[in-house]
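Chemist:
Protein chains in written order, with our numbering: chain D, 64 to 175; chain L, 7 to 122.
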């Protein structure tokens, strides 16, 4: 069955450093992958989308890579700030209409 | 430009009662999705609707759960005879067209159901 794995342990880093979060998947060939941010008690907020034929996407301090051979996506936040502290969700989708399959998310804690 | 609106934000029901969760999609969006997030679990797809049509309900439990998106008014997720295991956050999302490669869906803030 399809499986998406995100590190269940919280990632603790210092302000100013680069945070790197990992999303691995098995038994799946997604057409695209999305990253969301979720704060406690709030809904997920879309951050970035990367398609299967793209290797890397950037948006301001965010960078996403997508390696379909390794079946892995890396999500980077450069120059991290305490305000970046949240849970980050990875979600995969198929081509055409599809529903998203989400990982459980990784909590990021950025300390000043 | 209001986002996806869900209400109630918090709902407490006793076992056996009914829960009705409402979702108004973003303006101009005609596609609605419901996801459920159990404690310590990821978001799980439940159902995908367009106006007056259920497109995909593969994630809906077979019993007690139903969803609709009428021609007028919000989408409703209805849970009959709630049990403690139904306690979760229910998120609605919407998109302007069918969710597909490159299409972003926008989530509401969720409805937190607690069954006592």
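Ideal Cβ placement from N, Cα and C applies to all residues, glycine included.
1. If you follow the beta strand (DSSP E) that residue 156/D is part of, which residue opens it and which one closes it?
2. Are residue 163/D and residue 172/D touching if we call contact CB-CB under 8 Å?
3. Could you tell me the alpha carbon to alpha carbon distance between residue 68/L and residue 108/D, rounded to whole angstroms?
4. Check residue 146/D in the structure and name its three-state DSSP category.
5. Since residue 47/L meets chain D, which of its residues come closer than 7 Å, beta carbon to beta carbon?
6. For the stretch 103 to 127 of chain D, which residues have a CB atom closer than 9 Å to at least one CB atom of chain L, in sequence order?
7. For chain L, is any of its Cβ atoms less than 8 Å away from the one on residue 162/D?
8. How would you write the range of the beta strand (DSSP E) that residue 37/L sits in, first residue to last?
9. Would you identify the three-state DSSP class for residue 92/L, choosing helix, strand or coil?
10. Tell me, please, whether the CB atom of residue 39/L is closer than 8 Å to any CB atom in chain D?
11. Give me, in chain order, the residues of the same chain whose beta-carbon lies closer than 8 Å to that of residue 110/L; leave out the 5 immediate sequence neighbours on both sides.
12. May I ask you to verify whether the stretch 9 to 23 of chain L touches the stretch 113 to 124 of chain D, counting CB pairs closer than 8 Å and requiring at least 3?
13. Using a beta-carbon distance below 8 Å, is residue 62/L in contact with chain D?
Modeler: The structure says:
1. 149 to 156
2. no
3. Each residue's alpha carbon lies about 29 Å from the other.
4. helix
5. 167
6. 104, 105, 106, 107, 108, 109, 112, 114 and 115
7. Cβ-Cβ to chain L under 8 Å: yes for residue 162/D.
8. 37 to 43
9. helix
10. The beta carbon of residue 39/L falls within 8 Å of a beta carbon belonging to chain D, placing the residue at that interface.
11. Within the same chain, Cβ atoms closer than 8 Å to the Cβ of residue 110/L are found at 101, the five residues on either side in sequence being excluded.
12. When C-beta atoms of the stretch 9 to 23 of chain L are compared with those of the stretch 113 to 124 of chain D, fewer than three pairs fall below 8 Å, so the two segments do not count as touching.
13. yes
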